[in-house]
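Numbers given in this note's numbering equal positions in the sequence shown, counted from 1, plus 94.
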Amino acid sequence: MSDLKNKGFGTRSIHNEIHENEYGALTFPIFATSTIVFDDAQQGGRRFALEEGGFIYSRLGNPSTMYLEQKMASLEGCEAALALSSGMGAIGTVFMTALKTGDHVVSDKVIYGCTHALFEHQLHKFGIDVTFVDFTNEAEVKAAIKENTKILYVETPANPTLKIVDLAVVAKIAKEHNLMSVVDNTVATPYLTRPKEYGIDVIVHSATKYLNGHGDVIAGIICGDNDFLTKCRLEGQKDITGSVMSAFDAFLINRGLKTLHVRMDKHSENAMKVAEFLDGHPAVKIVYYPGLKSHANHEIAKKQMGGKYSGLLAFELKGGYDAALNLANSLQVFKLAVSLGDCESLIQHPASMTHSPYSAEDRLAAGIDDGLLRASIGLEDVDDIINDLKVQLDKLV
C-alpha cells in the first residue's frame with residue numbers, strides 16, 4: 095500500500111509496506127529458519143561489514159520479525175523498532191546498550207516489579223546506580239540528576255497504581271540535561287499514547303500484553319531512532335542479552351496488532367464502567383483508574399491518552415490484605431493470574447505477586463498497599479464482569 099504513513103492507525107495496524115511476498119500470501123509468512131544462504135562469499139562479507147542490507151542469521155534479524163518491527167515503528171511514530179523475546183529482554187537490552195560502569199539512572203518509584211528488581215538488585219553489580227523518585231514532582235526529578243546520570247525512566251500509566259507521568263515534562267528535563275528518556279508504554283499502547291510525540295527518545299513494550307492480546311506470547315519491543323536501535327541490535331541484543339524473538343511469536347503479534355485498535359476501545363470502555371462501579375461500592379477504599387475524575391493525574395491522562403484509558407485498573411479494599419486475597423480467590427469470571435491485556439479478565443495481588451521484589455518500605459512508598467488488587471479488564475460482557483465483582487464485594491460489607 096502506497097503512502098501508508100499518511101493512513102489512520104487502524105489501517106497501519108493491519109497493513110504493512112512490505113506486505114508483498116513471492117507466494118502472494120495474504121498473511122505474511124513465518125520464516126522458520128536459523129540462517130540465511132548468501133549468493134556468494136562476497137555478499138556474505140558485505141553484509142557482515144554492514145555494506146549491504148539483507149539478512150545473515152536470525153539472531154540478527156529475520157523477515158518475520160522485520161515485518162513486525164516496521165509495523166511497530168510506524169505505529170509509535172519512530173524511525174525503527176527491535177523485536178525481542180520478552181519485555182524484560184527489551185528493557186535489559188536498552189540499559190545494557192546505553193550504560194556502562196559508573197553511570198546513573200533516575201527512575202520513577204512506581205514501575206513493574208521485575209524492572210524494579212533489575213534496577214535495585216542487579217545493575218549495581220555492574221557499577222550502575224539507580225535513584226527512585228516521584229516523576230510527578232519536577233523539582234524532585236531535577237534534584238536527583240547527577241553528573242553521571244544518563245537515563246530518565248518512567249512507566250505511564252504505571253504498573254500497578256496507574257500513576258500518570260507528564261511525558262512532555264520528562265522529555266523537557268531530559269533535553270535540558272542531555273539525557274536519554276525511556277518510557278514503558280505497555281499499558282497505553284501506541285493506540286492511546288505515542289511518547290515520541292512528546293519528545294521521548296526510547297519506547298519499550300512488553301508485547302506479551304495488549305500488542306499481542308491473546309495470552310499466548312512472551313515478547314518485547316523497543317522503538318526509537320535508527321542509530322540507537324542499530325546499536326541495540328548489534329551490541330545489546332546480539333552480544334549481551336541474546337533476547338531474540340522467534341519467527342512464530344512475531345507472526346502471533348502481527349496477528350494481534352490487526353485488532354489492537356478495536357480491542358483497546360472495548361478494553362477501555364469496559365474498564366471505565368468497572369471503575370465507576372468499584373468507585374461507588376462501600377467495600378472499596380479507593381480506585382486507581384486514569385479515566386476517573388478523582389484520579390490524581392486525570393487531566394494529564396486525558397491529554398496523553400485521548401479520552402480512552404486502557405483496560406488496567408487497581409483498587410484497595412477497606413478490609414486490607416485478607417479481604418483482597420479472599421476476593422481474588424472467590425471470583426468466577428476473573429481468572430487469578432498475573433499479566434494483563436488478554437481477552438480474559440485477570441486479577442492479582444501485587445504485594446505478594448508481581449511487586450514482591452520491592453521491599454515492604456519501597457512498596458508502600460510507591461503506593462502499593464497490602465489491600466491493593468490489580469485487575470486487567472477483559473472483553474467479556476461488562477455486566478458479567480461487574481456482577482462477578484459485586485457478588486463477592488457485597489459479602490465484605
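C-beta atoms are modelled at their ideal positions from N, C-alpha and C, and glycine is treated no differently.
task = Could you check if S300 is buried or exposed, using at least 16 other CB atoms within 10 Å of its CB as the buried criterion?
result = buried
ask   = Excluding the five sequence neighbours on either side, which residues of its own chain have a C-beta within less than 6 Å of the C-beta of S128, listed in chain order?
value = S152
request  = Could you tell me which uninterrupted alpha helix (DSSP H) segments, each at least 4 residues in length, are contained entirely in the stretch 300 to 342, listed from first to last along the chain?
outcome  = 320 to 325
task = Measure the C-alpha to C-alpha separation of N306 and A390 and round it to an integer number of angstroms.
result = 30 Å
query = Apart from the five residues just before and just after A369, which ones in its own chain have a Cβ nearer than 7 Å to its Cβ?
reply = V381, Y383, G385, L386, L407
ask   = So, helix, strand or coil for K484, using DSSP?
value = helix
query = What is the DSSP secondary structure of S439, reduced to helix, strand or coil?
reply = coil
query = For I388, does the count of other Cβ atoms within 10 angstroms reach 16, so buried, or fall short, so exposed?
reply = Note that residue 388 is Ser in the sequence shown, not Ile. Exposed is the call here.
request  = Give, in chain order, every unbroken run of the beta strand (DSSP E) that is at least 3 residues long and sits entirely within the stretch 184 to 243.
outcome  = 198 to 202, 223 to 227
key: For G401, the three-state DSSP class (helix, strand or coil)   = coil
inquiry  = Assuming contact is defined by CB atoms lying nearer than 8 Å, are V427 and I479 in contact in what I supplied?
reply    = yes
task = Measure the alpha-carbon distance for Q164 versus E116 and round it to whole angstroms.
result = 19 Å
ask   = If you count every other CB in all the chains shown that lies within 10 Å of the CB of E410, and 16 or more means buried, which is it?
value = buried
query = Using a Cβ-Cβ cut-off of 6 Å (strictly less than) and excluding sequence neighbours within five positions of D456, which residues of its own chain qualify?
reply = none
ask   = If you follow the beta strand (DSSP E) that S470 is part of, which residue opens it and which one closes it?
value = 466 to 470
request  = Determine the extent of the alpha helix (DSSP H) in which A177 is found, giving its start and end residues.
outcome  = Careful: A177 lies outside any alpha helix (DSSP H), inside the beta strand (DSSP E) at 174 to 178.
key: Beta-carbon spacing of L286, I267 below 8 Å   = no
request  = Pick helix, strand or coil for K489, following the three-state DSSP scheme.
outcome  = coil
query = Taking DSSP as the reference, what is the three-state secondary structure of M95?
reply = Residue confidence is low: M95 scores 48 on pLDDT, short of 50, so the model does not pin down where it sits. Its coordinate-derived value is still stated next. Coil at M95, not helix or strand.
request  = Please go through the same chain and pick out, in chain order, the residues whose beta-carbon is closer than 8 Å to the beta-carbon of L425, but skip the five residues on each side of it.
outcome  = I441, D482, L483, Q486
ask   = So, helix, strand or coil for D278, using DSSP?
value = strand
message = Which residues does DSSP list as the beta-bridge partners of F409?
response = V381, L467
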